[in-house]
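Numbered per the UniProt record's numbering, the sequence shown finishes at 623, counting up by one with no gaps.
These notes concern the structure reproduced below.
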Amino acid sequence: MCGIVGAISSQNVVPVLIQGLLRLEYRGYDSCGVAVHVQGGLQRARGTSRVAELQAQIEASGFAGATGIAHTRWATHGVPSVDNAHPHFSHGPGEHAGEGPGRIALVHNGIIENYDILRTELQERGYVFRSQTDTEVVAHLIDSLYDGDLLRAVQAALPSLKGAYALAVFCKDEPQRLVGARAGSPLVLGVGPECSSLYLASDALALTGVTDQIVYLEEGDSCDLQTGQYAVYDKTMRPVASRSRPVLTVHPPGSSTDLGPYRHYMQKEIFEQPRAIADTLQGVERIDANLFDGKEEAADAMLRSVDSVLILACGTSYYSGCVARYWLEAIAKIPTQVEVASEFRYRECVPNERTLVVVISQSGETADTLAALRRTRDLGMRRSLTICNVATSAMVRESRLAYITRAGVEIGVASTKAFTTQLAALFLLTLVLARQRNRLDDAQCAEHLRAARHLSAAMQAVLALEPQIMAWAQDFASKEHALFLGRGLHYPIALEGALKLKEISYIHAEAYPAGELKHGPLALVTSAMPVVTVAPNDALLEKLKSNMHEVRARGGVLYVLADADTHIDSEEGLHLIRMPEHYGALSPLLHVLPLQLLAYHTACLRGTDVDKPRNLAKSVTVE
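Pasting the structure below:
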């Protein structure tokens with residue numbers, strides 16, 4: 001979602017700020033801006049176009065400064081506009097009714113839930129608001145508390161803020177000082193050689209090529225960056241020893257961000273899945289608890305002590321959890337519940353301290369999922385495992401166990417390789433729990449591992465079907481609605497296929513268990529409503545064929561992904577793509593690939609912004 005970059009140095013920091021924003025573009029945004037300290041005051045540039053256009057605007061103006069902050073915004077409070085774009089300046093009662101910049105410049109990720117109350121109070125004190133955002137109240141609030149010490153003013157403001165925030169703030173009266181704070185939104189501190197330059201960012205990725213020395217700020221932390229030195233304070237405003245917030249060397253994420261021969265990042269990432277799966281399974285030689293945190297005894301004891309599994313996730317990650325439920329209950333014979341994290345965090349539940357809480361997130365910073373993890377901990381459910389693509393993320397740091405997928409950086413907003421690598425990790429968890437409970441013996445585990453290692457080759461064969469899927473996309477591009485059907489393990493894959501189509505092509509798409517057709521959705525079926533059906537050769541195949549006949553009898557047009565031995569043939573009103581091989585329990589990882597490609601090529605034909613679909617952001621770090 002929104003991105004923050006800040007820097008202080010003896011040199012012009014604007015190129016660093018712009019490059020940081022460019023690295024965060026993949027998260028999605030609808031406006032962007034940069035502010036710097038100039039002789040005697042503040043200067044900023046903002047826009048509602050891409051960062052490249054902001055960069056051109058800045059270069060044309062000769063904009064420069066040694067202290068600055070930058071931001072990409074995804075609109076929550078207030079429409080995308082220049083006035084609502086960050087950075088925001090304070091406009092105090094003594095500053096000519098808000099004309100020109102005040103003394104505080106600020107960028108903010110998150111949501112201030114009590115902004116309307118604060119806004120009213122500040123307006124009564126003479127502060128002038130130039131935006132519709134919740135963020136502007138924070139700039140004014142800090143200004144109202146400023147007495148010559150920026151850190152003291154920021155720390156004094158924090159108790160008044162309800163909600164989530166990551167802040168980067170500077171003041172015209174203290175030109176070589178930058179203050180940060182976080183609660184509920186991520187913020188990291190970057191350290192240059194001998195502290196000659198210091199940085200703030202919402203993601204260490206923004207600082208790639210600038211510094212690899214990173215301090216991860218904890219919940220409630222604030223920090224004070226001044227020329228040649230920095231200090232970190234905990235939520236009680238007390239200084240934190242360096243050993244508690246160590247400087248870590250953070251290497252750039254794997255996989256190139258160059259497009260190469262591909263038209264979009266999403267297409268590139270779809271075709272990177274064979275490698276991503278191989279990387280995620282690299283080094284897995286046998287099935288034991290050591291796979292999860294490197295401390296076999298601690299992990300083994302914790303996993304043996306659980307009697308159920310609770311999976312919490314959002315969006316695509318939630319669908320990976322839905323697939324895993326079938327595996328965990330069928331193979332490991334362990335009761336499993338899967339919940340949308342944004343719902344779980346607010347509902348009353350009956351906690352079980354012997355439940356293994358599994359949270360799934362590409363970024364490890366998804367706000368609702370992180371809050372749900374914390375809620376389970378408050379409820380006494382302390383056996384936790386994170387499956388995530390970012391080893392340094394908040395979820396990983398706050399869970400007892402973790403499995404880090406190796407998808408590499410995923411730039412396209414619509415998740416592809418993150419999803420399939422999550423499935424691979426969840427399958428390993430299933431095997432570990434099954435082996436511990438003697439549901440599988442060593443030979444069976446070895447056979448499952450052989451199948452998993454063959455996934456890369458099997459995926460390559462499925463991706464070779466792209467020309468046939470492109471032909472389907474020609475039909476879908478003119479449609480406005482679509483149905484997706486699946487049964488058993490493949491119902492969540494139908495859900496994921498529908499999500500992909502609506503995310504990037506803007507076609508309304510819904511998915512149902514095929515057996516539910518006659519309970520309502522069949523009323524929607526006409527010749528204008530394509531029906532995508534996932535048809536593996538499993539125990540539910542004959543039932544699925546009956547559901548397909550129901551569609552055909554109502555004049556519906558089927559698009560079927562079928563295994564080779566399903567005895568389903570193309571005919572009028574039934575378009576067929578044969579999958580190269582049936583893959584048993586791991587079949588969902590293969591059947592999702594054509595659905596990703598269908599969404600991608602349909603979106604291309606409709607001319608949408610595939611990598612940055614409207615209204616969506618890559619990393620949802622606000623509620």
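By construction, the Cβ of each residue, glycine as well, lies at the ideal position given by its N, Cα and C atoms.
Between the Cα of residue 493 and the Cα atoms of 163, 468, 585 and 466, which residue gives the shortest distance?
-> 585
Quick one: what does DSSP say residue 480 is sitting in, helix, strand or coil?
-> coil
Just the Cα atoms here: how many angstroms apart are residue 293 and residue 202?
-> Rounded to the nearest whole angstrom, the CA to CA distance from residue 293 to residue 202 is 26 Å.
Could you say which of 236, 333, 33 and 39 lies nearest to residue 55 if we only look at CA atoms?
-> 33
Does the Cβ-Cβ distance between residue 179 and residue 207 come in under 7 Å?
-> no
In three-state terms, what does DSSP make of residue 381?
-> coil
Give every residue of the same chain whose Cβ lies closer than 6 Å to the Cβ of residue 544, excluding the five residues on either side of it in the sequence, and list them in chain order.
-> 487, 514 and 535
Please work out which residues of its chain come closer than 8 Å, Cβ to Cβ, to residue 270, disregarding the five sequence neighbours upstream and downstream, and give them in chain order.
-> 416, 417, 463, 593, 596, 597 and 600
When we look at the beta-carbon of residue 519 and count the other beta-carbons within 10 Å, is it buried (16 or more) or exposed?
-> exposed
Between which two residues does the alpha helix (DSSP H) harbouring residue 593 extend?
-> 587–606
Rounded C-beta distance between residue 6 and residue 37? I'm assuming under 8 Å.
-> About 11 Å; that fails the 8 Å criterion.
Answer with buried or exposed for residue 238, where buried requires no fewer than 16 other C-beta atoms within 10 angstroms of its C-beta.
-> exposed
Report, in whole angstroms, the separation of the C-beta atoms of residue 511 and residue 495, which I expect to be a contact under 8 Å.
-> 4 Å
If you count every other CB in all the chains shown that lies within 10 Å of the CB of residue 79, and 16 or more means buried, which is it?
-> The residue is exposed, with fewer than 16 neighbouring Cβ atoms inside 10 Å.
Evaluate residue 389 with the Cβ neighbour count: other Cβ atoms within 10 Å of its Cβ, from every protein chain shown; 16 or more gives buried, anything less gives exposed.
-> buried
Residue 111 - DSSP class collapsed to helix/strand/coil | strand
Measuring CB to CB, does residue 341 end up less than 7 Å from residue 368?
-> yes
Distance between residue 272 and residue 383 (C-alpha atoms, nearest Å) = 33 Å
Which of the three DSSP states, helix, strand or coil, is assigned to residue 445?
-> helix
Among 554, 548 and 613, the one whose alpha carbon lies nearest that of residue 507 | Relative to the Cα of residue 507, the nearest Cα in the group 554, 548 and 613 belongs to 613.
Buried or exposed by the 16-neighbour rule on C-beta atoms within 10 Å, applied to residue 358 | For residue 358, the number of other beta carbons within 10 angstroms of its own is at least 16, and it is reported as buried.
Mark residue 120 as exposed unless 16 or more other C-beta atoms lie within 10 angstroms of its C-beta, in which case mark it buried.
-> exposed
Quick one: what's residue 357 bridged to in DSSP?
-> DSSP output for residue 357 lists 310 and 384 as bridge partner(s).
Touch test, the stretch 334–353 against the stretch 454–463, Cβ-Cβ under 8 Å, three pairs minimum = no
Would you identify the three-state DSSP class for residue 146, choosing helix, strand or coil?
-> coil
Could you name each continuous alpha helix (DSSP H) segment of 4 residues or more that falls completely within the stretch 51–81, going from the start of the chain to the end?
-> Taking only runs of at least 4 residues, the alpha helix (DSSP H) segments lying wholly in the stretch 51–81 are 51–61.
Using DSSP with H/G/I as helix, E/B as strand and the rest coil, what is residue 97?
-> With a pLDDT of 46 at residue 97, under the threshold of 50, the modelled position of this residue cannot be trusted, and the question is left open.
Contact set for residue 317: own chain, Cβ-Cβ below 7 Å, skip 5 residues either direction = 360, 361, 362 and 422
Close-in-space but distant-in-sequence residues of the same chain around residue 440 (CB under 6 Å, 5 per side omitted) = 434
Completely contained alpha helix (DSSP H) runs for the stretch 410–470, where each covers 4 or more residues | If we require 4 residues or more, the alpha helix (DSSP H) runs fully inside the stretch 410–470 come out as 417–436, 442–453 and 455–463.
Is residue 97 buried or exposed, if buried means 16 or more other CB atoms sit within 10 Å of its CB?
-> With a pLDDT of 46 at residue 97, under the threshold of 50, the modelled position of that residue is not reliable, and the figure given next carries that caveat. Under this definition residue 97 is an exposed residue.
Delimiting residues of the alpha helix (DSSP H) encompassing residue 322 | 315–330
DSSP-derived helix/strand/coil call for residue 248 = strand
Confirm, please, whether the CB-CB distance from residue 517 to residue 547 is below 7 Å.
-> Yes, the pair counts as a contact, with Cβ atoms nearer than the cut-off.
Simplified DSSP state of residue 20, which is helix, strand or coil | helix
Among 104, 590 and 610, nearest to residue 147 - alpha-carbon criterion = Minimum Cα distance to residue 147 is reached at 104.
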